[in-house]
Amino acid sequence: MDHRESEPEHIFLKDLDKDFARMQFLINQGNADISREEKISLKAGELVGKLYDALFKEYINLDESSLRSLNILCVRIVFCLYAEDAGLFETRTAFEDYIKSFSLENLRRGLMDLFKILNTKPENRDKYDTKINSFPYTNGGLFADDTIEIPNFTKEIVDVIVNHCAPFDWSEISPTIFGAVFESTLNPETRRKGGMHYTSIANIHKVIDPLFMDDLKAEFAALRKKAGKEKIKKLDDFRNKLASLKFLENCTTSLIRIAAA
Numbered sequence: 005m006d007h008r009e010s011e012p013e014h015i016f017l018k019d020l021d022k023d024f025a026r027m028q029f030l031i032n033q034g035n036a037d038i039s040r041e042e043k044i045s046l047k048a049g050e051l052v053g054k055l056y057d058a059l060f061k062e063y064i065n066l067d068e069s070s071l072r073s074l075n076i077l078c079v080r081i082v083f084c085l086y087a088e089d090a091g092l093f094e095t096r097t098a099f100e101d102y103i104k105s106f107s108l109e110n111l112r113r114g115l116m117d118l119f120k121i122l123n124t125k126p127e128n129r130d131k132y133d134t135k136i137n138s139f140p141y142t143n144g145g146l147f148a149d150d151t152i153e154i155p156n157f158t159k160e161i162v163d164v165i166v167n168h169c170a171p172f173d174w175s176e177i178s179p180t181i182f183g184a185v186f187e188s189t190l191n192p193e194t195r196r197k198g199g200m201h202y203t204s205i206a207n208i209h210k211v212i213d214p215l216f217m218d219d220l221k222a223e224f225a226a227l228r229k230k231a232g233k234e235k236i237k238k239l240d241d242f243r244n245k246l247a248s249l250k251f252l253e254n255c256t257t258s259l260i261r262i263a264a265a
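Taking my numbering, the leading residue of the sequence shown gets 5, the next gets one more, and so forth.
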C-alpha cells in the first residue's frame, strides 16, 4: 500500500523458500525483531564481560582511577570492533589484524598509538606512518583522553579479542538494548562516580515524546495524507526541518542533531 503505482510482485509457491522474506510486511515483526536484538545484545554483553574480566586482572594497585580507565578501555575496544564490522574502518578485520601484528610486549604501546591516531585529524598526522594512517579520524571525544591507564596485555586478553570478540558481528547489536547490557557489565560504583549511566529507551521516550516527537509524528502523518507534487514538496521541506533541529541533552550537555533518514 506504500507503493500503489508500482507493478505487482509475483511470488510463486516453488520459490517460497527463498522469497518468503518479501511477504514479511503481512505480519507485525516488531516483537520478533526486538527478541532477536535482545539475544544478539546479550551475547555481546557476555563478550564484554569476558574482556572486562581479562583486563581487570592485569591492573596493578586497582583504585577508582584505574576502574574508570578500565571502563573507558572496554568502550574503546568495543567501538573498534563495531567500527570494523560496520565498515567504518578500511576493512572488516582492520582492528583484529592490527592487534595480531604486535607481540605481547609491544601491544600495549600499539594500542596507545592507535587511540592517539583515532583522535588525530589526517592533516595533523605523520604522513610516513603508513601502518596506522589507514584508520580514520574519530571525533566525539572517545579517544581524547590520553591519560587513561592501560595495563600490559596477556595471551588471555588477546585471545578474548581475536578469537571471541572479533568473530562476532558487532554491527548487528541494538544500541538501545546493548546500552543496558553494557552498563550492567561495567563496575557499578565506578559508573556512578564517573557519570556513566544508560537511560532505557522507555524512559527516553517519556521525555522526548511530549517535548517534540509527538508533534513531529503528527506533522508527518498529516503530510503523508497529501497527494501529488504538493506532497513531495511538503515532505522535502519537512526533511530539511528535521535536519535543522537541535536539542540540548541536560545530563551531558551534548548536542543531538536529528537528521533525516
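Just so you know, even glycine gets a beta-carbon here, dropped at the ideal spot from N, CA and C.
Fair warning: this is a prediction, and the values are worked out from it, not measured in the lab.
Original post:
In terms of residue numbering, what span does the alpha helix (DSSP H) encompassing F242 cover?
Top reply: Against the sequence shown, residue 242 aligns to sequence position 238. Here the alpha helix (DSSP H) through F242 covers 232-248.
Original post:
Under three-state DSSP, which class holds F252?
Top reply: Here residue 252 is taken as the residue at index 248 of the sequence shown, counted from 1. Before going further, note that residue 252 is Leu rather than Phe in the sequence given. Three-state DSSP puts L252 in a strand.
**OP:** In the DSSP assignment, find the unbroken alpha helix (DSSP H) run with V82 in it and report its ends.
**Re:** Residue mapping note: residue 82 aligns to position 78 of the sequence shown, counting from 1. Element bounds for V82: 68-89.
Original post:
Could you give the residue range of the alpha helix (DSSP H) that holds I121?
Top reply: Residue 121 sits at position 117 when you count from the first residue of the sequence shown. From DSSP, the alpha helix (DSSP H) with I121 extends over 108-122.
Original post:
Whose C-alpha, out of A98, K210, E223, is nearest the C-alpha of I3?
Top reply: In the structure as shown, the chain starts at 5 and stops at 265, and residue 3 therefore has no counterpart that could be examined.
Original post:
What is the DSSP secondary structure of N128, counted as helix, strand or coil?
Top reply: Reading the sequence shown from its first residue, position 124 is the one you call residue 128. In the structure shown, N128 sits in a helix (DSSP, three-state: H, G or I).
Original post:
Do L227 and F251 come within 7 angstroms of each other at the CB atom, strictly closer than that value?
Top reply: Mapped onto the sequence shown, residue 251 falls at position 247. Mapped onto the sequence shown, residue 227 falls at position 223. Against a cut-off of 7 angstroms, the Cβ pair of L227 and F251 comes out as no contact.
**OP:** Keeping to the same chain, check which residues put their C-beta closer than 6 angstroms to that of I121; ignore five residues upstream and five downstream.
**Re:** On the sequence shown, residue 121 is found 117 positions in, with the first residue counted as 1. Result list for I121: I136, F139, in chain order.
**OP:** Alpha carbon to alpha carbon, how far is Y56 from D89? Give it in angstroms, no decimals.
**Re:** Residue mapping note: residue 89 aligns to position 85 of the sequence shown, counting from 1. Residue mapping note: residue 56 aligns to position 52 of the sequence shown, counting from 1. For D89 and Y56, the distance between alpha carbons rounds to 21 angstroms.
Original post:
Counting along the chain, where does the alpha helix (DSSP H) carrying A222 start and finish?
Top reply: For the purposes of this step, residue 222 is taken as the residue at position 218 of the sequence shown. Per DSSP, A222 belongs to the alpha helix (DSSP H) from 218-228.
Subject >> Where E176 falls: helix, strand or coil (DSSP) >> reply: Residue numbering aside, residue 176 sits at position 172 when the sequence shown is read from its first letter. DSSP places E176 in helix when its eight states are reduced to three.
Original post:
Just curious, the alpha helix (DSSP H) that Y102 is in, first and last residue?
Top reply: As a position in the sequence shown, residue 102 is number 98, starting the count at 1. 98-104 is the span of the alpha helix (DSSP H), which, as asked, contains Y102.
Subject >> P62 versus I44, S175, L77, E127, residue with shortest Cα-Cα distance >> reply: Walking along the sequence shown from the start, residue 62 turns up at place 58. Strictly speaking, residue 62 in this sequence is Glu, with Pro absent from that position. Nearest of I44, S175, L77, E127 to E62, Cα basis: L77.
Original post:
Is there contact here, the segment 97-112 with the segment 139-157, by at least three beta-carbon pairs under 8 angstroms?
Top reply: yes
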